[in-house]
Amino acid sequence: MTEPLVACPECDALHRRRALAPGTKARCVRCRAVLYRRSYLDLDHQLALVTAAILTYMIANCYPIVDLRIQGRLNSATLAGSVLSLWQEGRESVAVLVFVTTLLFPLIDLGALLVLLLLIRRGRPAAAFSPLLRFLQALRPWGMIEVFMLGIVVSLVKLSNMAQVLPGIALWAFGTLTVLLAVILSMDLHNLWDVGENAIKRPAAVPQP
Amino acid sequence: MTAPHTLSADAVPAVTTAAEAGLVACPHCHLLCRDAAGDDPALRDRLRCPRCDGRLHPRKVASLSRTWALLIAAAILYIPANAFPVMRTSTLLSTQNDTILSGIIYFWTSGSPELAVLIFSVSIVIPLLKLVTLSFLAVSIHRSATTGTRPRAHLFRIVETVGRWSMLDVFVVALMVGLVHFQGLAVIQAGPGAAAFGAVVVLTMLAAHSFDPRMIWDRASAGPPATKQTPTGNRHG
Ligand SMILES: [Zn+2]
Ligand SMILES: [Zn+2]
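Structure follows, in structure tokens:
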């Protein structure tokens, strides 16, 4: 059993919790903020998606995003390579910002989610469950793969005026990753608290109604 | 719940809040907990959520002062972010410094007006809108505004969701720097404006995170937020 009442995160109004159909969300009657959601995806689907996203992330970061050709000379760049160039030029703060929002946080996000889902699946969330989930929630707004994807598109248009642009493998991988992440981010992290709690609780410890 | 329904455009259903019911919603896992601290500030700091062990505060701590501090810092950095070049293009023949605005003009004149509009929106309009809107919301809290509650709540939600897209130009600069590295032929470097602009985006995002939207509703419902036991009747003011 989950908590029968829920407070709106944006206006504090109390609501009685109701069961939702898959793919729907409950909104606050007063401010219309989303109170809670139910995904179409069950735990196994979520695990599969997160695994696919981690693999896509690897491909996206191991191969060049585009190859650029000017007067017979070829240059290709990965995301990590771009971050390194920024750093070497003395723009350390920009390098750190790009590194954190496009490389580090998305990876930690996916990794943490994978660990949490595996813990729930095992049925015995470890002591690391709560700190990890709280960390993931705090980190989430700072992962910006979808903004970066738009940045790739804008850069390509800009570069196509000055050189010959050949799309690389990572370009398609980033596109795929953006779609996968959109689905993953549409899953409500807060559901994991309930799922996790139910997984720890032994049958005897279930509170009376 | 016998609130009379006034049929104004701004009519909002009468509700009981968690604070009025003596409850605190955990800011991390949203578990509703009984507010054992009451008016004791020492106890308040030690209260923790039984489910996730997070600190339990009914509202974000020092929300308005944090929001103001971050907004002011962002507003100051907004000037170098737009005045200094974000990108420096060196070719055999010339060196060109681009600010955010000149980058937008370049797209406009080189036959990509839709990209010019896109970058103008995320790099100029959204940061400005965030600074102005968050200041307006903070002022309305100071003045205990009771009207336009729902529009203000909507405004905050928009500002909170669109903010991240301002990072677009920083990513474009990063990619250009990584890609255009042809020694002796052409090199692109990031200018000091890029760092300032990135800082503006981060600071405005932090400012939105610090702002507690529940304050909008606290002041709109009857009286100061301390009156926890207010009955839910006369809410439509
Ligand atoms: Zn609400
Ligand atoms: Zn909690």
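So the sequences go chain by chain: A and B.
Per this note's numbering: the first sequence = residues 102 to 310.
Per this note's numbering: the second sequence = residues 6 to 242.
Glycine is no exception: its CB is placed at the ideal position from the N, C-alpha and C atoms.
Could you check which residue in B:S68, B:V144, B:A41 has the C-alpha nearest to that of B:R219?
Mapped onto the second sequence, residue 219 of chain B falls at position 214. Per the Cα distances, B:S68.
Answer with yes or no whether the minimum CB distance from B:S215 to chain A is below 8 Å.
Counted from its first residue, the second sequence places residue 215 of chain B at position 210. B:S215 does not count as touching chain A.
Output the distance between the C-alpha atoms of B:E165 and A:P242, rounded to the nearest integer angstrom.
Reading the second sequence from its first residue, position 160 is the one you call residue 165 of chain B. Reading the first sequence from its first residue, position 141 is the one you call residue 242 of chain A. The straight-line gap from Cα to Cα measures roughly 10 Å.
Report yes if the C-beta distance between B:V91 and B:G196 is below 8 Å; otherwise report no.
Here residue 91 of chain B refers to the residue found at position 86 when the second sequence is read from its first residue. Here residue 196 of chain B refers to the residue found at position 191 when the second sequence is read from its first residue. Yes. Within cutoff.
Closest to A:R138 by CA distance: which of A:L185, A:N299, A:H291, A:E298 is it?
Here residue 138 of chain A corresponds to residue number 37 of the first sequence, with the count starting at 1. It is A:H291 whose Cα lies nearest to the Cα of A:R138.
Are B:L173 and A:Q172 touching if we call contact CB-CB under 8 Å?
As a first step, residue 173 of chain B must be located in the second sequence, where it is residue number 168. As a first step, residue 172 of chain A must be located in the first sequence, where it is residue number 71. Not in contact: B:L173 and A:Q172 (Cβ atoms no closer than 8 Å).
Partner residues on chain A for B:A199, Cβ-Cβ distance less than 7 Å
Within the second sequence, numbered from 1, the residue matching residue 199 of chain B stands at position 194. Per Cβ cutoff of 7 Å: R192, V195.
Is there at least one Cβ from chain B nearer than 8 Å to A:S140's Cβ?
Position 39 of the first sequence, counted from the first residue, corresponds to residue 140 of chain A. No, A:S140 does not count as interfacial toward chain B.
Output, in chain order, the set of chain B residues within a Cβ distance shorter than 7 Å of A:P207.
One-based indexing of the first sequence puts residue 207 of chain A at position 106. Under the 7 Å cutoff, chain B gives no residues; its nearest Cβ is about 13 Å from A:P207.
Determine whether the beta carbon atoms of B:R162 and A:A178 lie at a separation below 8 Å.
Taking the first residue of the second sequence as 1, we reach residue 162 of chain B at position 157. Taking the first residue of the first sequence as 1, we reach residue 178 of chain A at position 77. It is not a contact, given that the beta carbons lie outside the stated cut-off.
Verify the CB distance criterion: does B:H62 have a CB-CB separation below 8 Å to chain A?
Position 57 of the second sequence, counted from the first residue, corresponds to residue 62 of chain B. So no, B:H62 is outside the interface.
Residues that B:D58 contacts on chain A, provided the C-beta gap is smaller than 9 Å
As a position in the second sequence, residue 58 of chain B is number 53, starting the count at 1. Going along chain A in sequence order, the residues near B:D58 (Cβ under 9 Å) are S231, P232, R235.
Distance, A:I270 Cα to A:E247 Cα:
Here residue 247 of chain A is taken as the residue at index 146 of the first sequence, counted from 1. Here residue 270 of chain A is taken as the residue at index 169 of the first sequence, counted from 1. Near 17 Å, if we compare the C-alpha coordinates of A:I270 and A:E247.
Alpha carbon of A:E111 to alpha carbon of B:L142, nearest angstrom:
Walking along the first sequence from the start, residue 111 of chain A turns up at place 10. Walking along the second sequence from the start, residue 142 of chain B turns up at place 137. Taking the straight line from one Cα to the other gives about 14 Å.
Assuming B:L211 and B:L75 are in contact, meaning their beta carbons sit under 8 Å apart, how far apart are those beta carbons, in whole angstroms?
Locating residue 211 of chain B in the second sequence gives position 206, counting from the first residue. Locating residue 75 of chain B in the second sequence gives position 70, counting from the first residue. Right, their Cβ atoms sit about 5 Å apart.
Is the CB of A:G276 under 8 Å away from at least one CB in chain B?
In the first sequence, the residue the question calls residue 276 of chain A occupies position 175. So no, A:G276 is outside the interface.
Whether A:L115 touches B:A23 by CB criterion (8 Å):
Numbered from 1 along the first sequence, position 14 holds the residue referred to as residue 115 of chain A. Numbered from 1 along the second sequence, position 18 holds the residue referred to as residue 23 of chain B. Cβ atoms of A:L115 and B:A23: closer than 8 Å.
Considering only the alpha carbon of each residue, which of B:C57, B:H147, B:G108 lies closest to A:K259?
Within the first sequence, numbered from 1, the residue matching residue 259 of chain A stands at position 158. Ranking B:C57, B:H147, B:G108 by Cα distance to A:K259 puts B:G108 first.
If you measure from each residue's Cβ to the nearest non-hydrogen atom of ligand 2, which ones come out under 5 Å, in chain order?
B:C31, B:H33, B:C34, B:L36, B:C54, B:R56, B:C57, B:G59
Inter-residue Cα distance where the pair is A:M288 and A:S140:
Position 187 of the first sequence holds residue 288 of chain A. Position 39 of the first sequence holds residue 140 of chain A. Taking the straight line from one Cα to the other gives about 6 Å.
DSSP-derived helix/strand/coil call for A:L169:
Locating residue 169 of chain A in the first sequence gives position 68, where the first residue counts as 1. Here A:L169 sits in strand by DSSP.
Please return the same chain residues whose Cβ sits closer than 7 Å to the Cβ of A:I253, not counting the five positions on each side in sequence.
Residue numbering aside, residue 253 of chain A sits at position 152 when the first sequence is read from its first letter. The residues are I166, L272, F275.
Beta carbon of A:L204, beta carbon of A:A181: below 8 Å?
Along the first sequence, read from residue 1 onward, the residue named residue 204 of chain A stands at position 103. Along the first sequence, read from residue 1 onward, the residue named residue 181 of chain A stands at position 80. For A:L204 and A:A181, yes; Cβs fall inside 8 Å.
I want to know whether the stretch 150-159 of chain B touches the stretch 98-117 of chain B - three or more CB-CB distances under 8 Å.
no
Beta carbon proximity, B:A24 to chain A, threshold 8 Å
Reading the second sequence from its first residue, position 19 is the one you call residue 24 of chain B. Yes, contact with chain A.
Is the beta carbon of B:R157 within less than 7 Å of some heavy atom of ligand 1?
Within the second sequence, the letter at position 152 stands for residue 157 of chain B. No - ligand 1 has no heavy atom lying nearer than 7 Å to the Cβ of B:R157.
Cα separation between A:L219 and A:A213?
Taking the first residue of the first sequence as position 1, residue 219 of chain A is located at position 118. Taking the first residue of the first sequence as position 1, residue 213 of chain A is located at position 112. Spanning the two alpha carbons is a distance of roughly 10 Å.
Segments of 3+ residues assigned as beta strand (DSSP E) that fall wholly inside the stretch 141-217 of chain A:
167-171, 174-178
Taking its Cβ as the centre, do 16 or more other Cβ atoms sit within 10 Å of B:P32, making it buried, or is it exposed?
For this step, residue 32 of chain B is matched to residue 27 along the second sequence. With 16 or more other Cβ atoms within 10 Å, it is buried.
Does the beta carbon of B:T104 sit closer than 8 Å to a beta carbon anywhere in chain A?
Taking the second sequence and counting its residues from 1, one reaches residue 104 of chain B at position 99. Closer than 8 Å: no.
Taking the beta strand (DSSP E) that B:M92 belongs to, which residues open and close that run?
Within the second sequence, the letter at position 87 stands for residue 92 of chain B. From DSSP, the beta strand (DSSP E) with B:M92 extends over 92-96.
Taking 7 Å as the cut-off, does the CB of B:A19 come closer than this to any heavy atom belonging to ligand 1?
Along the second sequence, one-based indexing puts residue 19 of chain B at 14. B:A19: no, Cβ never under 7 Å from ligand 1.
Test: B:G203 CB closer than 8 Å to a CB of chain A
For the purposes of this step, residue 203 of chain B is identified with residue 198 of the second sequence, where counting begins at 1. Judged by the 8 Å Cβ criterion, B:G203 is in contact with chain A.
Chain-order list of residues whose beta-carbon lies under 6 Å from that of A:V307 (same chain, five-residue window excluded):
Counting from one through the first sequence, the residue named residue 307 of chain A turns up at place 206. Unreliable positioning characterises A:V307 in this predicted model, as indicated by a pLDDT of 42, which lies under 50. A coordinate reading is not provided.
DSSP state of A:Q265 mapped onto helix, strand, coil:
The residue given as residue 265 of chain A occupies position 164 in the first sequence. Strand.
Pick from A:D295, A:V284, A:A264, A:L293: whose alpha carbon is nearest that of A:A149?
Within the first sequence, the letter at position 48 stands for residue 149 of chain A. Checking every option, the nearest Cα to that of A:A149 belongs to A:V284.
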